[in-house]
Each structure stands twice: as structure tokens, then as C-alpha cells.
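Numbering (full-length UniProt numbering), first residue to last: 1 to 365.
This is how it looks when you write it as C-alpha cells:
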């Protein structure tokens with residue numbers, strides 16, 4: 001992305017702030033833990049002096065009292081330490097519970113049903129190794145069942161109605177009263193200079209950010225309801241190709257939650273103009289960690305094939321051709337043009353090549 005340097009700077013600043021708060025929190029927590037024994041020792045000295053000088057307490061009674069006091073101070077120190085840990089991790093726990101609470105009930109049941117198979121020793125009772133279709137590579141798997149995906153028959157529409165968003169109340173709005181409508185199965189391009197809000201629009205569309213004003217609807221439903229429905233398939237391709245060390249097949253089916261046959265993989269590769277590579281090298285072609293042997297265009301089309309394998313009805317391309325040459329970009333643009341009517345496509349790009357076939361263009365300033 002052209003905004004890479006700005007995003008890297010923001011990431012570094014966030015990491016520094018997080019580190020500072022983490023160091024400060026741990027310092028205060030450790031201070032509280034060590035302060036209890038220190039104050040206990042001072043109290044112990046005062047009690048011994050007072051008991052001997054003023055009260056002439058018998059030695060056996062004093063010894064018993066001191067033992068109980070020391071144990072009390074030890075337990076108090078542990079309690080203070082546990083309270084400090086609770087104070088550190090409670091916000092994360094709260095966010096996790098909110099995230100879990102927002103999940104659909106059927107997905108909660110699917111996630112929790114494996115808890116009975118987890119043991120605190122040995123191997124989980126249903127952990128096994130399976131072979132993927134026509135593949136000699138072993139893939140770890142926690143459950144034998146695959147999630148059967150149910151596809152929509154009609155691509156969704158997209159509506160932004162008077163949408164405004166800002167990252168901080170002290171800053172001006174990045175998006176101000178934005179309105180646009182995308183027809184089902186059509187393609188829209190979003191262009192503009194760095195910092196104009198292109199990535200913000202995508203994060204709003206993907207329900208990562210929530211607007212301060214206005215409404216966003218996908219398929220005539222609020223965006224949060226659309227993403228809560230696990231039947232809605234969404235494809236995403238970013239500026240940097242995400243590949244793993246493994247076969248070509250393993251890279252295409254990575255993250256797919258259902259059984260996939262080679263014919264489906266070949267079909268998705270064909271849609272992404274990658275069929276020649278598959279026929280030349282085969283599904284068992286090994287991709288190394290540095291992705292040697294593949295051109296930049298082939299890597300990006302491989303990610304596009306993965307996104308298409310789930311038959312998405314909403315496809316989001318975020319600077320997907322930012323690092324490609326004109327020929328590779330033209331090839332991907334041709335592939336995307338064939339999706340009209342099949343899925344709704346949202347393209348963010350600085351480059352005009354991939355936007356040649358779009359129905360509308362939103363220009364941000």
C-alpha cells in the first residue's frame with residue numbers, strides 16, 4: 001500500500017505506547033507486591049520493641065504472635081499480587097467475553113462442543129492426522145467434521161447512508177457524510193490520495209470500525225448482522241500475497257472450512273487466470289518460504305484463487321495490484337471483470353489498470 005510508511009509509523013507508536021503502559025503497570029504491580037513484606041517487617045520491628053519495652057510480653061506468646069503475623073503478611077502479599085494481575089488482564093477478559101457474546105449461537109455450540117475432548121494430559125481424544133484429497137502432506141485436524149457452507153444465490157447490495165467517522169474526538173472526520181450505493185453483482189472502485197479514507201471505508205464495510213454517524217447496510221441488512229451470518233461468504237485480497245510453505249494445493253485451500261476436491265481448486269484457479277501454472281507444475285508443486293519460483297502476479301492470483309474458492313458473494317480487493325507490473329495487473333483486471341453478476345466487488349487502488357471494468361468510481365479528496 002502507498003500508505004505503508006504512515007501505517008508503520010502508527011504501528012510503531014502504538015507499540016511504544018503499549019510497551020510504556022505495560023512496563024508501568026508491571027512496575028506498580030511488583031511495587032505493591034514487595035511493599036507488603038517491607039511494611040510488614042517494619043511493623044514486626046515496632047511490635048517486638050513495644051512488647052519488650054512497655055508490655056514485657058512473654059517470649060512464647062510473642063513468638064506465636066510473630067509467626068501468625070508473618071503468615072498473614074505473606075498471604076496479604078500474594079493477595080495484592082493476584083489483585084494486580086486481575087487488574088492487568090480484566091480489560092482483555094472483558095473484550096474477549098464481549099467478542100464471544102456477539103457470536104451466533106450455532107457457532108458458539110460448534111466451538112464449545114470440542115471442550116469435552118480436551119484433556120490436561122496426553123493427546124486430545126479426537127486429535128488426528130488426515131490426508132487431504134490427492135495429497136501426501138499430513139494436515140493436523142481437531143475434528144473430523146467439516147463445516148458445510150451454504151452459499152447465497154444473489155450477490156449483496158451495499159449502502160452507505162450519511163456515514164461519518166473519526167478515529168478520535170479531537171481529530172476531524174476522516175469520512176464525512178459519505179453516500180453511495182452498489183447494486184448487487186456490480187463492481188465499484190474507490191480511489192484517492194493517501195490519507196483520504198480509502199482503508200477506513202473498507203474497515204467500515206468489513207465491520208472492523210463502527211461509524212459515529214449514519215448507517216451501513218449489506219444486502220439490505222445492517223452490516224453487523226450480515227457478518228454475524230456464517231452463511232455469507234466474503235473474499236479479501238490485500239496488497240501483499242499471503243502464502244505458506246507447502247504445496248500449491250495447500251495454499252489455495254488454506255482456511256477453507258469444508259471438503260474441497262481438485263476440480264473445485266482448478267476451477268477457482270481458472271477464474272483467477274492461474275490454470276496454466278496448475279497444469280504446468282501440478283497441485284503438489286512445493287512453494288518455499290521465500291516463494292521462489294513464482295512471479296509477483298502468480299502469487300497474487302494464487303491469493304485471488306483462494307478467495308474465490310469459497311464462492312464469495314462479496315469480494316474486497318485492497319490495493320491488490322499495488323506491487324505488480326502492468327501486465328500482471330491487466331491479467332488480474334481481466335479475471336475480476338469476469339465476476340460481474342456473480343459477486344459484488346469493491347476495489348481500492350491507486351492504479352487505473354484494475355479499475356477499467358468497474359461500473360462506478362468513488363473519488364475521495
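By construction, the Cβ of each residue, glycine as well, lies at the ideal position given by its N, Cα and C atoms.
Query raised in the report: Would the C-beta of residue 266 count as close to the ligand GDP, meaning under 7 Å from any of its heavy atoms?
Result: You won't find the ligand GDP in this model; it holds no ligand whatsoever.
Query raised in the report: Taking just the CA atoms, how far does residue 316 sit from residue 185?
Result: Indexing the chain shown from 1 puts residue 185 at position 185. Indexing the chain shown from 1 puts residue 316 at position 316. Residue 185 and residue 316: Cα-Cα distance of roughly 13 Å.
Query raised in the report: If you follow the beta strand (DSSP E) that residue 318 is part of, which residue opens it and which one closes it?
Result: Indexing the chain shown from 1 puts residue 318 at position 318. Where residue 318 is concerned, the enclosing beta strand (DSSP E) stretches over 314-318.
**Report entry** Nearest to residue 63 (by Cα), restricted to the options 336, 162, 47, 307
**Finding:** For this step, residue 63 is matched to residue 63 along the chain shown. Taking only the C-alpha atoms, the option nearest residue 63 is 47.
Requested in this report: Sort out for me which residues DSSP pairs residue 165 with in a bridge.
Outcome: If you number the chain shown from 1, residue 165 lands on position 165. Partner(s): 175.
Query - Reduced DSSP category for residue 83 - H, G, I as helix; E, B as strand; rest coil - result: Translated into positions along the chain shown, residue 83 becomes position 83. Three-state result, residue 83: helix.
Report task. Below 7 Å CB to CB, which residues in the same chain sit around residue 154 once its five sequence neighbours on both sides are set aside? Result -> Taking the first residue of the chain shown as position 1, residue 154 is located at position 154. Cβ within range, chain order: 184.
Query raised in the report: Which residues share a DSSP beta bridge with residue 221?
Result: Mapped onto the chain shown, residue 221 falls at position 221. Within the DSSP bridge table, the entry for residue 221 names 218 as partners.
Report task. Mark residue 292 as exposed unless 16 or more other C-beta atoms lie within 10 angstroms of its C-beta, in which case mark it buried. Result -> Here residue 292 is taken as the residue at index 292 of the chain shown, counted from 1. If you draw a 10 Å sphere on the C-beta of residue 292, you find fewer than 16 other C-beta atoms in it, and that means exposed.
**Report entry** Counted within 10 angstroms of its Cβ, other Cβ atoms place residue 229 as buried (16 or more) or exposed
**Finding:** Here residue 229 corresponds to residue number 229 of the chain shown, with the count starting at 1. Around the beta-carbon of residue 229, fewer than 16 other beta-carbon atoms lie within 10 Å, marking it exposed.
Query raised in the report: Exposed or buried, what is residue 165 when buried is set at 16 or more other beta-carbons lying within 10 Å of its beta-carbon?
Result: Indexing the chain shown from 1 puts residue 165 at position 165. Its Cβ being crowded by 16 or more others within 10 Å, residue 165 is buried.
Query raised in the report: Any idea what DSSP makes of residue 358, helix, strand or coil?
Result: Within the chain shown, numbered from 1, the residue matching residue 358 stands at position 358. In the three-state scheme derived from DSSP, where H, G and I count as helix and E and B as strand, residue 358 is classed as coil.
Query raised in the report: Under a three-way DSSP split, which group does residue 260 fall into?
Result: Here residue 260 is taken as the residue at index 260 of the chain shown, counted from 1. Note: residue 260 maps to coil in three-state DSSP.
**Report entry** Beta-carbon gap between residue 324 and residue 297 smaller than 8 Å
**Finding:** The residue given as residue 324 occupies position 324 in the chain shown. The residue given as residue 297 occupies position 297 in the chain shown. Taking C-beta atoms as the reference points, residue 324 and residue 297 count as a pair closer than 8 Å.
Query raised in the report: What separation, rounded to the nearest whole angstrom, lies between the Cα atoms of residue 301 and residue 197?
Result: Counting from 1 along the chain shown, the entry for residue 301 is found at position 301. Counting from 1 along the chain shown, the entry for residue 197 is found at position 197. Their Cα atoms are separated by approximately 26 Å.
**Report entry** Neighbourhood of residue 253 by C-beta distance below 8 Å, restricted to the same chain and skipping five residues each side
**Finding:** As a first step, residue 253 must be located in the chain shown, where it is residue number 253. Excluding sequence neighbours, residue 253 sits near 132, 260, 265, 306, 309.
**Report entry** Presumed contact (8 Å Cβ cut-off) between residue 354 and residue 333, rounded CB distance
**Finding:** Translated into the one-based positions of the chain shown, residue 354 becomes position 354. Translated into the one-based positions of the chain shown, residue 333 becomes position 333. At roughly 5 Å, the Cβ-Cβ gap stays under 8 Å, so residue 354 and residue 333 are in contact.
Query raised in the report: Looking at the unbroken alpha helix (DSSP H) that takes in residue 278, where does it start and where does it end?
Result: Against the chain shown, residue 278 aligns to sequence position 278. Run containing residue 278: 275-281, per the alpha helix (DSSP H) assignment.
**Report entry** Contact under 8 Å by Cβ, residue 312 with residue 203
**Finding:** The sequence position of residue 312 within the chain shown is 312, counting from 1. The sequence position of residue 203 within the chain shown is 203, counting from 1. No, the pair does not count as a contact, with Cβ atoms beyond the cut-off.
Query raised in the report: If you follow the alpha helix (DSSP H) that residue 201 is part of, which residue opens it and which one closes it?
Result: Within the chain shown, numbered from 1, the residue matching residue 201 stands at position 201. Per DSSP, residue 201 belongs to the alpha helix (DSSP H) from 198-205.
Query raised in the report: Do residue 338 and residue 271 have their C-beta atoms closer together than 8 Å?
Result: For the purposes of this step, residue 338 is identified with residue 338 of the chain shown, where counting begins at 1. For the purposes of this step, residue 271 is identified with residue 271 of the chain shown, where counting begins at 1. Result yes, Cβ atoms of residue 338 and residue 271 sit closer than 8 Å.
Query - Stretch pair the region 207-223 + the region 236-246: three plus CB contacts closer than 8 Å - result: Between the region 207-223 and the region 236-246, the count of Cβ pairs shorter than 8 Å is below three; the stretches do not touch.
Query raised in the report: With contact counted as at least three CB pairs below 8 Å, one residue from each stretch, are the region 26-46 and the region 69-78 in contact?
Result: Enough Cβ pairs lie closer than 8 Å, so yes.
Query - Contacting residues, own chain, Cβ-Cβ under 6 Å from residue 274 (five flanking each side not counted) - result: Residue numbering aside, residue 274 sits at position 274 when the chain shown is read from its first letter. Excluding five sequence positions before and after residue 274, the CB atoms of its chain that fall closer than 6 Å to its own CB belong to 301, 305, given in chain order.
Requested in this report: Spatial neighbours of residue 263 within its chain, please: CB distance less than 7 Å, with the 5 preceding and 5 following residues excluded, ordered by chain position.
Outcome: Counted from its first residue, the chain shown places residue 263 at position 263. Excluding sequence neighbours, residue 263 sits near nothing in its chain.
**Report entry** Separation of residue 65 from residue 59, as counted between CA atoms
**Finding:** As a working mapping, residue 59 is identified with position 59 in the chain shown. As a working mapping, residue 65 is identified with position 65 in the chain shown. Those two C-alpha atoms are separated by around 10 Å.
Query raised in the report: Thinking just about the alpha-carbon of each residue, which of 84, 51, 49, 45 is nearest to the one in residue 70?
Result: By 1-based counting over the chain shown, the position of residue 70 is 70. With distances taken between Cα atoms, residue 70 lies closest to 45.
Query - Three-state secondary structure assigned by DSSP to residue 364 - result: Locating residue 364 in the chain shown gives position 364, where the first residue counts as 1. It is coil, neither helix nor strand.
Query raised in the report: Which one of 207, 278, 30 has the shortest CA to CA distance from residue 87?
Result: Here residue 87 refers to the residue found at position 87 when the chain shown is read from its first residue. By alpha-carbon distance to residue 87, the top candidate from 207, 278, 30 is 30.
Report task. Would you mind working out which of 24, 167, 207, 278 sits nearest residue 102, comparing C-alpha positions? Result -> As a first step, residue 102 must be located in the chain shown, where it is residue number 102. When only C-alpha atoms are compared, the closest one is 207.
Report task. Kindly give me the distance between the Cβ atoms of residue 314 and residue 211, rounded to whole angstroms, as I take these residues to be in contact under 8 Å. Result -> For the purposes of this step, residue 314 is taken as the residue at position 314 of the chain shown. For the purposes of this step, residue 211 is taken as the residue at position 211 of the chain shown. That pair is no contact at about 18 Å.
**Report entry** CB-CB length for residue 187 against residue 81, believed under 8 Å
**Finding:** The residue labelled residue 187 in the question sits at position 187 within the chain shown. The residue labelled residue 81 in the question sits at position 81 within the chain shown. So it is not a contact: roughly 57 Å between Cβ atoms.
Query - Rounded separation between residue 181 and residue 267 - CA only - result: Along the chain shown, read from residue 1 onward, the residue named residue 181 stands at position 181. Along the chain shown, read from residue 1 onward, the residue named residue 267 stands at position 267. Spanning the two alpha carbons is a distance of roughly 31 Å.
**Report entry** Three-way DSSP call (helix, strand, coil) for residue 234 in this model
**Finding:** Working through the chain shown from its first residue, we reach residue 234 at position 234. Residue 234 falls in the strand class under three-state DSSP.
Query raised in the report: Using DSSP with H/G/I as helix, E/B as strand and the rest coil, what is residue 243?
Result: The count along the chain shown starts at 1 and reaches residue 243 at position 243. Residue 243 sits in coil when the DSSP states are folded into three classes, being neither helix nor strand.
Query raised in the report: Near residue 335, what residues of its chain come up, given a Cβ to Cβ distance below 6 Å and the 5 sequence neighbours on each side ignored?
Result: Here residue 335 refers to the residue found at position 335 of the chain shown. In chain order, 272, 273 place their CB closer than 6 Å to the CB of residue 335, counting only its own chain and leaving out the 5 sequence neighbours on each side.
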